[in-house]
Amino acid sequence: MRSVEPIRWTEDGVVLLDQRRLPSEVVHLTYTDYRELAAAIKDMVIRGAPAIGVAAAMGIALGVSRSRAATLDELRAEFKTICDTFACTRPTAVDLFWAIQRFQRKFDALAQNAAQNNLEPLQLALVDEAQQVHRERVAADEAIGKFGAALLPAAGRVMTQCNAGALATAGIGTALGVIRIAVETGHKLEVLVPETRPYLQGARLTAWELHQDKIPLTLITDNMVGHFLKTAAVGAIVVGADRIAANGDTANKIGTYPMAVLAREHKVPFFVAAPISTLDLSIPSGDQIPIEQRPSAEVTHVQGVRVAPDVKAANPAFDVTPSRLIAAIITERGVARAPYQDSLQRLAK
Ligand code: MRU
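Going by my numbering, the sequence shown runs without a break in its numbering and finishes at 349.
#1: Nearest-angstrom Cα distance between Leu62 and His28?
#2: Please go through the same chain and pick out, in chain order, the residues whose beta-carbon is closer than 8 Å to the beta-carbon of Ile215, but skip the five residues on each side of it.
#3: Report the rounded CA-to-CA distance for Arg21 versus Asp249, giving the unit in angstroms.
#4: Could you give the residue range of the beta strand (DSSP E) that holds Arg197?
#5: Is Thr81 near Asn117, with beta carbons less than 8 Å apart?
#6: Using the three-state DSSP reduction, which class does Gln303 fall into: helix, strand or coil?
#7: Suppose contacts are defined by Cβ-Cβ distances below 8 Å. Is Ala245 in contact with Asn252 by that definition?
#8: Would DSSP call Met1 helix, strand or coil?
#9: Excluding the five sequence neighbours on either side, which residues of its own chain have a C-beta within less than 7 Å of the C-beta of Leu279, listed in chain order?
#10: Anyone know if the C-beta pair for Leu49 and Asp95 falls short of 8 Å?
#11: Looking at chain D, is there any beta carbon in it that lies within less than 8 Å of the beta carbon of Glu298?
#12: Per DSSP, which one or two residues make a beta bridge with His227?
#13: Specify the secondary structure class of Thr331 as computed by DSSP and reduced to three states.
#14: For Asn113, which beta-bridge partners are listed by DSSP?
#15: Leaving out five residues before and five after Met224 in sequence, what residues of the same chain have Cβ atoms less than 8 Å from its Cβ?
#16: For Glu190, which three-state DSSP category applies?
#17: Which one of Ala77, Thr85, Ala57 and Leu262 has the shortest CA to CA distance from Lys42?
#18: Pick out whichever of Gln293, Gly304, Asn247 and Ile276 has its Cα sitting closest to the Cα of Pro322.
#19: What does Ile358 pair with, by DSSP beta-bridge criteria?
#20: Applying the criterion that 16 or more other CB atoms from any shown protein chain within 10 Å of the CB defines a buried residue, is Val311 buried or exposed?
#21: From Ile237 to Glu78, what distance separates their C-alpha atoms?
#22: I need the straight-line Cα distance from Arg137 to Trp98, nearest angstrom please.
This is the structure in structure tokens:
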């Protein structure tokens with residue numbers, strides 16, 4: 001059931017499925033310059049925390065493998081510029097910084113045995129590393145899917161938020177991976193998909209992915225979430241994450257927090273599905289998670305069409321759900337439950 005491939009390493013460059021144009025058009029863009037790939041992350045050609053991590057990994061490998069540096073010292077200086085460029089793309093998705101730090105460690109280790117004038121082995125090793133990151137994402141999603149499917153009802157409705165699918169991870173998805181494996185293993189589910197204003201990842205991407213896989217869904221607007229949690233016998237909610245603090249507080253797409261509050265009111269279990277790379281155990285709570293502020297035009301306009309007068313508009317891209325509202329955090333290493341301070345530490349080791 002792997003119908004969607006948002007990113008691929010090829011001899012010609014890094015190929016991205018342009019998510020800005022879905023579902024109307026399926027267009028692939030090939031990137032040969034790391035700066036353009038970094039701009040593509042910022043512009044949402046590829047998005048979703050784990051997929052951003054894969055894109056940064058491939059982008060750093062692209063920059064290093066196409067560098068004109070003649071010596072190791074020159075390459076080291078350029079490598080720093082490349083990493084800094086990716087670090088400035090999206091501030092909340094911690095998988096981005098996880099990938100950058102992984103490549104910094106790898107570069108340092110390889111540089112210890114590299115010759116000043118023979119850079120090819122190091123360049124090839126970083127390309128391998130990027131492909132390894134991609135393979136690990138695929139495997140993590142499968143494992144998350146298996147752990148999470150066991151938590152979903154055998155039949156009935158489930159709800160998600162934004163797009164935490166194949167498009168967002170480069171595997172089968174985290175939240176949608178859980179739903180995919182549940183359906184594959186016989187659960188009879190219907191997915192309630194909120195549109196996810198302002199960028200419409202639910203309407204454009206999650207609805208598209210589920211429809212492609214023939215998983216039953218109903219698209220709803222964001223302001224219908226409370227109504228359906230009250231009246232539609234929703235058995236569970238499963239969402240992805242952009243950054244999870246040491247105490248389990250979770251940043252995810254704006255609108256996730258009110259959904260979790262409503263879930264508590266209506267006694268619907270609220271699950272977060274995310275790989276270990278989305279944990280940020282360096283920060284004690286969600287208060288320290290940086291929230292990306294995106295352009296106000298995403299609020300005043302829908303798909304380029306103005307829907308509001310020329311007024312001030314707020315656009316925080318994420319909100320933080322306190323861990324007390326989260327029934328479990330599903331990772332590729334197992335399911336964490338409260339107290340998250342302990343359970344997440346154990347899984348991360
Ligand atoms: O702004 P986006 O589209 O990158 O936000 C994506 C989300 O909030 C996802 O839910 C999150 O990254 C998890 S993706 C598996």
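Glycine included, C-beta positions come from ideal geometry on N, C-alpha and C.
Concretely, from the data shown:
#1: Rounded to whole angstroms, Leu62 to His28 spans 17 Å at the Cα level.
#2: Within the same chain, Ile215 has close Cβ partners Ile179, Arg180, Val183, Leu189 and Val191.
#3: Those two C-alpha atoms are separated by around 32 Å.
#4: Where Arg197 is concerned, there is no enclosing beta strand (DSSP E), given that its DSSP letter is neither H nor E.
#5: No. Outside cutoff.
#6: The three-state reading of DSSP puts Gln303 in coil, since its state is none of H, G, I, E or B.
#7: It is not a contact, given that the beta carbons lie outside the stated cut-off.
#8: Residue placement at Met1 is poorly supported in this model, since its pLDDT is 41, which falls under 50; the coordinates are not used for a value here.
#9: Listed in chain order, the non-local C-beta contacts of Leu279 below 7 Å within the same chain comprise Ile244, Leu344 and Ala348, local neighbours out to five positions each way being set aside.
#10: The sequence shown places Ala at residue 49, not Leu. In contact: Ala49 and Asp95 (Cβ atoms closer than 8 Å).
#11: In summary, chain D is missing from the structure at hand, where a single protein chain is found.
#12: Paired residues: none, contrary to the question.
#13: Thr331: strand per DSSP, three-state reduction.
#14: In DSSP, Asn113 forms no bridge with anything.
#15: In its chain, beyond the 5 residues on either side, Pro194 have a beta carbon closer than 8 Å to the beta carbon of Met224.
#16: Three-state DSSP puts Glu190 in a strand.
#17: Taking Lys42 as reference, the option from Ala77, Thr85, Ala57 and Leu262 with the minimal CA-CA separation is Thr85.
#18: Check the Cα spacing between Pro322 and each of Gln293, Gly304, Asn247 and Ile276: the tightest is with Asn247.
#19: The structure shown does not extend to residue 358, since the chain is modelled only from 1 through 349, so no value can be given for it.
#20: Exposed, by the Cβ-count rule.
#21: When rounded, the separation of the alpha-carbon atoms in Ile237 and Glu78 is 44 Å.
#22: When rounded, the distance between both Cα atoms is 13 Å.
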